[in-house]
Amino acid sequence: MADLGDITRPDPAVLGELVYSVPGAKNVTKFKCGGFVLGLAINHCMFDGVGAMQFVNSWGETARGVPLSVPPALDRAAVTDAYMRSAVDYFEATRARPSLASTLLITAWSRLPFRAADFGWGPPAAYGPAALPEREVALFLSCAGEGGGVRVLLGLPAAAMAEFERLVDEVIF
């Protein structure tokens, strides 16, 4: 863990080195202390945040040999040919997406159950993205400790930081 530095202020260059970048590859980085890093790249088409954490937490439950707290939904009766064709029609009709070229994305991951991701060694010491999901983003995460705090990861152009700080001070104080 010492190799990572201050985990409350993640350095994307350091964290990026922990993520194996070949599509479809699986990699677990192990540390001398016995800890490990589990990196996971997902496509938002497959999971939203809740679904991704449900997958990771079920993976941890399986590793610990305990029953799944959320059993998989195996009933495929609702996924008919007509339903799938309807979904395809919907996505074709709504293909146009707004440009995010000059948009600040504000997203809260603070309610996602990261601390439940126990693979047998207890809750994670740290968690979060290895890189920010967008170039201009404010990402809210719960803190890894028990204090109930919130960590905010910001990705803003340097020119926008002063104005962002002023607006936050205006709202909070």
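This note's numbering numbers the first residue of the sequence shown as 17 and each following residue consecutively.
In this text, a Cβ means the ideal position worked out from N, Cα and C, and glycines have one as well.
Since the model is a prediction, treat every value here as computed from it, not as a measurement.
Under 6 Å Cβ to Cβ from Gly76, same chain only, skipping five residues before and after it: list those, please. Same-chain partners within the cutoff: Ala133, Asp134, Phe135.
Between Cys159, Glu181, Trp137, which has its C-alpha nearest Gly51's C-alpha? Looking at the Cα atoms, Trp137 is the closest of the given residues.
Among the residues of its own chain, which have a CB less than 8 Å from the CB of Phe189, if the five just before and after it don't count? Taken in chain order, the list of residues that qualify is empty.
Are there three or more Cβ pairs, one per stretch, closer than 8 Å when the segment 94-106 is compared with the segment 167-182? No, because fewer than three Cβ pairs between the segment 94-106 and the segment 167-182 fall closer than 8 Å, the two stretches do not touch.
Under a three-way DSSP split, which group does Ile188 fall into? In the structure shown, Ile188 sits in a helix (DSSP, three-state: H, G or I).
Opening and closing residue of the beta strand (DSSP E) in which Thr45 lies: Thr45: member of the beta strand (DSSP E) spanning 44-46, first to last residue.
Does Thr110 come out as helix, strand or coil in the three-state DSSP assignment? Coil.
Three or more C-beta pairs below 8 Å linking the segment 61-79 and the segment 124-132: Cβ pair count under 8 Å is three or more, so yes.
Rounded to whole angstroms, what's the CA-CA distance from Thr84 to Ala98? Just pull it up for me. Just to set this straight, residue 84 is Leu in the shown sequence, not Thr. Spanning the alpha carbons of Leu84 and Ala98 requires a straight line of approximately 32 Å.
Tell me which residues share the same chain as Pro88 and place their Cβ nearer than 7 Å to its Cβ, disregarding the 5 neighbours each side in the sequence. The answer is none, since no qualifying residue turns up.
Apply the 10 Å Cβ neighbour rule to Asn59 and answer buried if 16 or more other Cβ atoms are within range, or exposed otherwise. Around the Cβ of Asn59, a 10 Å sphere holds fewer than 16 other Cβ atoms; the residue is exposed.
Rounded to whole angstroms, what is the Cα-Cα separation between Ala147 and Thr123? Our two residues, Ala147 and Thr123, have alpha carbons roughly 14 Å apart in a direct line.
Quick check for students: name the residue ranges of the alpha helix (DSSP H) that lie wholly in the segment 47-97, counting only runs of 4 or more. The qualifying runs are 65-80.
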